[in-house]
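Chains as they are written, first to last, in our numbering: chain D, 1 to 273; chain C, 274 to 546.
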């Protein structure tokens, strides 16, 4: 195998004030192998759910974990599959009904666990780049002087459309796509979302009626194709295909969460006959 | 390990005309293990480059390949790392200066190779969901009655920002991001791109001056942060951080391709000091 390379390994060490940094200039900080990293905290994407949709690097890192702090979505199967039985497991995911752990508490947990000197893996559903609140954890680790490394993952924003059978881009139908979270529909810029050929909504289950209403109010036609993908690639995967005009009725009474909603012409491709 | 599950396995077989299909209704088509799949063609994301940023499933599929048809970006390292020496290797990537293989020829190659009955892996840089032209290959395979399965990958659109040190989303700075290709800047909807808090441009090296000019013409300020990430996570990774006003001058004379350009406030986070 080619030498594994770290995606991001930023030790809070003095470095030249370049806006350009090259591996050769910052070799110890930017590039390091998964086994020779100086990181004590690894922030790792768990992908959309199934344990074999983690990256090879993520699986390697998990196998060396002494503490795993993990979320609900996606991450549990990976912990089961790869973390050694001796690794301490700390669950910080949110689940309907239960009081959530605050992000500041998770940040503090990470710093404490990493400061103990044990190899810490912070496993996040999907990819740390997308709605993972990783920025808050990175800031806390940096403030505490803890070396970390980030391992990207397969985001369900991209994997869910494939699970439904279609890609997000297409040379004529979808030259761009926008990804957002439908958590707070009042705070969303609906005109800007409606202006993109394809829009992907994470956590769109509960707000499907608002998504449908707002996009039509801002210029999308009722016959615009929509796909709703529940638990992409997981055991309880379900896919609904319809239009802005039909999808709320089609999914009435169904349990949709966790789901991805894709709106745009690409969602009309490769519908099972 | 938890049983591996296929993300998408659509045999062109008769199926009920549901717009809803559940695993329980279409078990043989939608869910199948990587080793027990009926697929003869696997369309697999190779991730951003390093061989350990493939998914575990992608590596497993490659190990069983008899023919591998692969692209340039990202895919070569994975073929080297996982495909058996006996597997036939067919290179169809595009490279500056060389005449490109047309997509229709690639589609035909796929159909011919799959029809021979050998296990075929079509390996694509990044994720098949994003600017991979997988739609054309899926259409050809379906027309030829060939069962296929798609395996998602880590897209450089999401991994490159992490390689530069920051995530694409942030609760205040970036509630949405748009991804597009800067291949044909004349055909792009600049007002819509400028309206999103964060814009990610694939293949943005050559068109960086147009990106900068068009986004400012459509309302983005000159002090909007920009990151240019060449060969994210690869051996020749380089990152430039600047603003719309500064980035062209900062990167003058540099080889930028293959690169990702990220424009938005998130690109100001975690700049190395």
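Glycine included, each C-beta is placed from N, C-alpha and C at the ideal position.
- The C-alpha of residue 240 of chain D lies about 45 angstroms from the C-alpha of residue 521 of chain C.
- Given a length threshold of 3 residues, each whole run of the beta strand (DSSP E) inside the region 68-148 of chain D is given here in chain order: 88-91 and 120-124.
- Taking C-alpha positions only, residue 474 of chain C is separated from residue 455 of chain C by approximately 6 angstroms.
- At a beta-carbon threshold of 7 angstroms, the residues of chain D lying near residue 434 of chain C are 129, ordered along the chain.
- When secondary structure is reduced to three states using DSSP, residue 155 of chain D falls in the coil class, being assigned neither helix nor strand.
- Taking C-alpha positions only, residue 316 of chain C is separated from residue 422 of chain C by approximately 6 angstroms.
- For residue 487 of chain C, the closest Cβ of chain D is not nearer than 8 angstroms.
- For residue 225 of chain D, not one C-beta of chain C is nearer than 8 angstroms to its own C-beta.
- Taking 8 angstroms as the upper bound for CB-CB distance, residue 107 of chain D and residue 136 of chain D are in contact here, some 6 angstroms apart.
- In the DSSP assignment, residue 451 of chain C falls within the beta strand (DSSP E) that extends over 449-454.
- The three-state secondary structure of residue 516 of chain C, taken from DSSP, is strand.
- For the region 156-188 of chain D, the set of positions with a beta-carbon nearer than 8 angstroms to some beta-carbon of chain C reads 158, 159, 161, 162, 163, 164, 165, 166, 167, 168, 169, 170, 171, 175, 176, 177, 178, 179, 180, 181, 187 and 188 in chain order.
- In summary, the residues of the region 330-349 of chain C whose CB is separated from some CB of chain D by less than 8 angstroms are 330, 332 and 333, in the order they occur in the chain.
- Among the residues of chain D, those whose CB is under 7 angstroms from the CB of residue 469 of chain C are 178 and 192, following chain order.
- Non-local beta-carbon contacts of residue 157 of chain D in its own chain, meaning distances under 7 angstroms to residues more than five positions away in sequence, involve 130, 179, 200, 202 and 260 in chain order.
- Checking the DSSP bridge columns, you'll see residue 443 of chain C partnered with C:447.
- Sequence-distant partners of residue 262 of chain D (beyond 5 residues in either direction) whose C-beta falls short of 6 angstroms from its own C-beta, in its chain, are 161, 200 and 227.
- Closer than 8 angstroms to the CB of residue 135 of chain D there is at least one CB belonging to chain C.
- For residue 396 of chain C, no chain D residue has a Cβ inside 8 angstroms of its Cβ, as the nearest lies near 14 angstroms away.
- Under the Cβ distance rule, residue 495 of chain C does not count among the residues neighbouring chain D, no pair being separated by less than 8 angstroms.
- If you draw a straight line from the Cα of residue 119 of chain D to the Cα of residue 508 of chain C, it comes to about 26 angstroms.
- Counting only unbroken stretches of 4 or more residues, the alpha helix (DSSP H) elements lying wholly within the region 192-235 of chain D are 208-217, in sequence order.
- Residue 490 of chain C sits exposed, since fewer than 16 C-beta atoms from the chains shown fall within 10 Å of its C-beta.
- For residue 448 of chain C, the number of other beta carbons within 10 angstroms of its own is at least 16, and it is reported as buried.
- Per DSSP, residue 271 of chain D is not a residue of any beta strand (DSSP E), being assigned neither H nor E.
- Taking C-alpha positions only, residue 40 of chain D is separated from residue 495 of chain C by approximately 38 angstroms.
- Interface residue (Cβ-Cβ distance to chain C less than 8 angstroms): residue 119 of chain D is not classified as such.
- Between residue 335 of chain C and residue 384 of chain C, the C-beta spacing is not below 8 angstroms.
- If you draw a straight line from the Cα of residue 56 of chain D to the Cα of residue 497 of chain C, it is about 36 angstroms long.
- The three-state reading of DSSP puts residue 43 of chain D in strand, counting E and B together.
- If you check the CB distance, residue 407 of chain C and residue 331 of chain C do not come in under 8 angstroms.
- Straight-line measurement puts the Cα of residue 487 of chain C at about 14 angstroms from the Cα of residue 537 of chain C.
- For residue 107 of chain D, the nearest beta carbon of chain C is not closer than 8 angstroms to its own beta carbon.
- Residue 242 of chain D and residue 327 of chain C have their C-alpha atoms roughly 33 angstroms apart.
- In summary, residue 531 of chain C is buried, with 16 or more beta-carbon neighbours lying within 10 Å of its beta-carbon over all protein chains present.
- If you look at residue 330 of chain C, you'll find it in the alpha helix (DSSP H) that goes 329-336.
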